[in-house]
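For the sequence shown, counting from 1, position 116 maps to 123 in my numbering; every step adds exactly one.
Think of the CB as a built atom: it goes at the ideal place given N, C-alpha and C, for glycine as much as any other residue.
Report on the following structure.
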Amino acid sequence: MSTGNLDFEQFRVFLEKACGILLGENKQYLVSSRLNKLMEQQGIKSLGELVQRIQTQPRSGLREQVVDAMTTNETLWFRDTYPFEVLKNRVIPEFVRANPGQRLRIWSAACSSGQEPYSLSMTIDEFERSNLGQLKMGAQIVATDLSGAMLNNCKTGEYDSLAIARGLSQERLQRYFDPKGPGRWAVKPAIRTRVEFRSFNLLDSYAALGKFDVVFCRNVLIYFSAQVKKDILMRIHSTLKPGGYLFLGASEALNGLPDHYQMVQCSPGIIYQAK
8 MSTGNLDFEQ
18 FRVFLEKACG
28 ILLGENKQYL
38 VSSRLNKLME
48 QQGIKSLGEL
58 VQRIQTQPRS
68 GLREQVVDAM
78 TTNETLWFRD
88 TYPFEVLKNR
98 VIPEFVRANP
108 GQRLRIWSAA
118 CSSGQEPYSL
128 SMTIDEFERS
138 NLGQLKMGAQ
148 IVATDLSGAM
158 LNNCKTGEYD
168 SLAIARGLSQ
178 ERLQRYFDPK
188 GPGRWAVKPA
198 IRTRVEFRSF
208 NLLDSYAALG
218 KFDVVFCRNV
228 LIYFSAQVKK
238 DILMRIHSTL
248 KPGGYLFLGA
258 SEALNGLPDH
268 YQMVQCSPGI
278 IYQAK
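Written out as structure tokens, the structure is:
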């Protein structure tokens, strides 16, 4: 596969317009590793030819396949641990006190292969087990991702032993999963039915999502330019109820926007509360 500088620049422009992801100038190897197989299957020799094919054949499905390949990321169960502990021990009890009789709504943005929303659902179950009857109306988790192929995998809730091994304790595996044959496990229906998966581009309108008490948008903003990142954070704010919480990734920080969010120290970790 050819990745000449001009071809690579064309592809960078295409990808940022398609989904906001800003590729670094040294990321040719990443593009090659993710698109080699697809380009071989399609008989495409260069990135320039790939962009041209997407533009001249918009209904071929190639654009969606390329975006899928470039946005699919490996992820972990209960990534970084502390966000789920903060949710269970601080945010949900606070919500229950302030909103008796209301349903908790959480948005898991850029949910990748489903580990985050299912981890959130298990966290809610753990809260309910130790605080019987407090979350009277239960919870809904809306999980979105750009990748249609990834979302289809998420909905089945099935994972192989390699994926299961990444951050899931034996206790949680036994409580929340059913064996589905050699080396495969399925999330139990009670955990799965709390999660609604939707295809969604963070650059599109947020109006149809509704309002949330909590938003997890972790380890995704690092892929965007500063301006796109700011725009997304403003739009996330519009989906949060006053006093709702935003969780970012461990290496991400919210700089600016003091009129919209205030930082909350949780030791460990930081979350942001919507003003």
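Legend entry - Inter-residue Cα distance where the pair is V74 and F231: Looking up residue 74 in the sequence shown gives position 67. Looking up residue 231 in the sequence shown gives position 224. Approximately 15 Å between the Cα atoms of the pair.
Inset, instruction - Kindly indicate which three-state DSSP category D238 falls into: helix, strand or coil? - result: On the sequence shown, residue 238 is found 231 positions in, with the first residue counted as 1. Three-state result, D238: helix.
Inset, instruction - Could you check which residue in L153, V93, P275 and K218 has the C-alpha nearest to that of R110? - result: Counting from 1 along the sequence shown, the entry for residue 110 is found at position 103. Answer by Cα proximity: K218.
Legend entry - Enclosing alpha helix (DSSP H) for Q59 [first to last residue]: If you number the sequence shown from 1, residue 59 lands on position 52. L54 to T63 is the span of the alpha helix (DSSP H), which, as asked, contains Q59.
Inset, instruction - Report the option in L94, G140 and E56 whose CA atom is closest to the CA atom of P124. - result: In the sequence shown, the residue the question calls residue 124 occupies position 117. Looking at the Cα atoms, L94 is the closest of the given residues.
Inset, instruction - Give the straight-line distance between the Cα atoms of V271 and M46, rounded to the nearest whole angstrom. - result: Position 264 of the sequence shown, counted from the first residue, corresponds to residue 271. Position 39 of the sequence shown, counted from the first residue, corresponds to residue 46. Near 46 Å, if we compare the C-alpha coordinates of M46 and V271.
Inset, instruction - Determine, using beta-carbon pairs with one atom in the stretch 246 to 263 and one in the stretch 137 to 144, whether at least three such pairs fall under 8 Å. - result: no
Inset, instruction - Give, in chain order, every unbroken run of the alpha helix (DSSP H) that is at least 4 residues long and sits entirely within the stretch 100 to 150. - result: 122 to 137
Inset, instruction - Can you tell me which of the three DSSP states M8 falls into? - result: Residue 8 sits at position 1 when you count from the first residue of the sequence shown. For M8, the pLDDT reaches just 49, beneath the cut-off of 50, and the residue's location in the model is therefore unreliable, leaving the point undetermined.
Legend entry - Own chain partners of H267 with C-beta closer than 8 Å, once the 5 adjacent residues on each side are dropped: Here residue 267 is taken as the residue at index 260 of the sequence shown, counted from 1. Cβ neighbours of H267 beyond the five flanking positions: L240, M241, H244, A281 and K282.
Inset, instruction - Please name the residue in R205, F15 and P90 whose C-alpha comes closest to that of L158. - result: In the sequence shown, the residue the question calls residue 158 occupies position 151. Nearest C-alpha to L158: R205.
Inset, instruction - Just the C-alpha distance for M7 and N226, rounded to the nearest angstrom, thanks. - result: Residue 7 lies beyond the residue range present for the chain, which begins at 8 and ends at 282; the question has no answer from this structure.
Legend entry - DSSP beta-bridge partners of S206: Indexing the sequence shown from 1 puts residue 206 at position 199. S206 is bridged to D152.
Legend entry - Residue nearest to T200 in terms of C-alpha spacing, selected from F18, S128 and G50: Sequence index remark: in the sequence shown, residue 200 carries index 193 (1-based). That would be S128, whose Cα lies nearest to the Cα of T200.
Legend entry - C-beta atoms of G164 and A193 nearer than 7 Å: Position 157 of the sequence shown, counting from 1, holds the residue named residue 164. Position 186 of the sequence shown, counting from 1, holds the residue named residue 193. Cβ distance < 7 Å, so G164 and A193 count as in contact.
Inset, instruction - Report buried or exposed for L22, applying the criterion of at least 16 other Cβ atoms within 10 angstroms of its Cβ. - result: One-based indexing of the sequence shown puts residue 22 at position 15. The residue in question, L22, is buried, as its Cβ has 16 or more Cβ neighbours within 10 Å.
Inset, instruction - Could you work out which residue in I99, L30 and L54 is closest to G250 when comparing CA atoms only? - result: If you number the sequence shown from 1, residue 250 lands on position 243. Looking at the Cα atoms, I99 is the closest of the given residues.
Inset, instruction - With a threshold of 6 Å, establish whether the CB of E133 neighbours any heavy atom of the ligand ATP. - result: The ligand ATP is not among the ligands present in this structure, which contains no ligands whatsoever.
Inset, instruction - For R173, collect the residues of the same chain with a Cβ closer than 7 Å to its Cβ; drop the 5 residues on either side in sequence, then sort them by chain order. - result: Start at 1 with the first residue of the sequence shown, and residue 173 comes out as number 166. Hits under 7 Å: L83 and W84.
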